[in-house]
Amino acid sequence: MPHVNVTHLASRATALGAVALCLLTAPAHAATPARPDVTGVDTALRTALRQGAPGAIARIDDDGTVRQLAVGVADRRSGRAISNADRFRIGSVTKVFSAVVLLQLADEKKLELDAPVDRYLPGLLPDRRITVRQVLGHRSGLYDYTNDMFAKSVSGFEAVRTKVFSYRQLVDRSLRHARTNAPGTAYAYSNTNFVVAGMLIEKLTGHSVRTEYENRIIKPLQLRDTFYAHPGTTIPGRHTNGYLTPDTAGAPLVDATEQTVSWAQSAGALISSTRDLDAFLSALLRGRLTSAAQLRQMEHMLPVDSTQAYGLGLRRRDLSCGVSVYGHTGAVQGYYTYAFATKDGRRTLTALVNTSNNGAVHNTMLGTLESAFCGKPAKVRRGAAVLERQQDAVPGLARQ
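Add 512 to the 1-based position in the sequence shown for this note's numbering, that's all there is to it.
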């Protein structure tokens, strides 16, 4: 049943060693966010346009004070202006939704985070040591099947644009490869983990992930723009088109709007809007979607690099002003999404550009976080644009 506006007794705690390790990665201090620099956000959006994005939007909700920005077009053919009213594909921000459902199931005593995946999905994975917690934290060692699928951006995309995969087919693609590390020993971002998460949701509930997203999150929070359309190829209602940048410099953008996103499913196939993602993250971090105990599990972070850590389906970014924000980025053909909030959920930012496979645009859009939460423009990066692999893009979605 949904876990909105509920209080629960604390669920069974995690192993003390795991808790201690996570606590060591907490931010050294929690700085107070400065007033949002709306001009800085606007500058980042306009810079993204100069770098090749057809359109860009951002929505900041500062404890009820909402600021919306939009530049460029949603449809290159018609010239229609992009708007925060537009829906779009959110890519790996979907992972936060999937993690929330599993944590609710943990609240309901239907799932133990430190149990092996094999307890619930016997024989699926070759190593019984892989736990649910490791899957949700990208520490399972399962190879990311999208490395091969999108080695070439356009041809890889066109090969799967209309295909419908089963979860098992995607996992099997991963298992053709050696694992990246022993379970629990290292962070290695892999879409395979959240395909397994989707399988767990369906096995434990007897329902599709669509039904669970709707009943547990979308309907209770009244997210009117959020849909799991798979395997349908269209985005319902008003939306922005998404444009994939080809591997060859100077080649025309490819309209990637219509696709099944079956290659991602519970790892990245949701559709939403800036309003809905702001509302979702605020509700999550204010404790409206899980018990306090499960939210703490989600927020127990292990380091990714000097400025990032990852919990259970949730990323933390430590900004230059000392503020830490929680959320996820998402890349799917034609779209980059950035959805983050302060730990108390009082300030949220969702930003979107309707292009992908463009490292310069991606790095520019990350600068919206500095402006929205630190109140200052991000420093301009010199030299070649480098897209960090852990930023939830698959190969071919981020041209260097």
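Glycine is no exception: its CB is placed at the ideal position from the N, C-alpha and C atoms.
The straight-line gap separating the alpha-carbon atoms of A768 and R728 is approximately 30 Å. Judged by beta-carbon spacing, T786 lies beyond the 7 Å limit of R589, meaning their Cβ atoms are not closer than that value.
A distance below 7 Å separates the beta carbons of F706 and S778. Residue environment analysis places G879 among the buried positions, since at least 16 neighbouring C-beta atoms fall within 10 angstroms of its C-beta. Going by DSSP, A821 is part of the beta strand (DSSP E) stretching over 820 to 822. When DSSP states are grouped into helix, strand and coil, T752 belongs to the coil group. If you check the CB distance, Q806 and D619 come in under 7 Å. Distance from the CA atom of A872 to the CA atom of L557, rounded to whole angstroms, is 12 Å.
Going by beta carbons, Y755 and L782 fall outside the 7 Å limit. Exclusion of the five residues before and after T862 leaves R571, T786, L789, D790, A851 as the residues of its chain whose Cβ lies within less than 6 Å of its Cβ.
Per DSSP, L826 lies in no alpha helix (DSSP H) segment and is marked neither H nor E. By the Cβ neighbour-count rule, T760 is exposed, with fewer than 16 other Cβ atoms within 10 Å of its own. According to DSSP, T860 shares a beta bridge with D573, A853.
Within the DSSP secondary-structure output, F600 pairs in a beta bridge with S784. The C-alpha of Q681 is placed about 23 Å away from the C-alpha of R645. Apart from sequence neighbours up to five positions away, the residues of its chain that approach T717 with a beta-carbon distance below 6 Å are E724, ordered along the chain. Straight through space, the alpha carbons of R858 and T551 are spaced by roughly 21 Å. With fewer than three CB-CB distances shorter than 8 Å, the stretch 805 to 822 does not count as touching the stretch 737 to 752. With 16 or more other Cβ atoms inside 10 Å of its own Cβ, K607 counts as buried.
If you draw a straight line from the Cα of G780 to the Cα of A709, it is about 12 Å long.
Counting only residues of its own chain and dropping the five nearest sequence neighbours on each side, G591 has a CB closer than 8 Å to the CB of V585. Looking at the DSSP output, Q580 shares a beta bridge with R571.
Counting other Cβ atoms within 10 Å of its Cβ, A690 stays below 16 and is therefore classed as exposed.
In this structure, S868 sits near A843, with a CB-CB distance shorter than 7 Å.
Going by beta carbons, L581 and D554 fall inside the 7 Å limit.
The Cβ atoms of T738 and S784 lie closer than 7 Å to each other.
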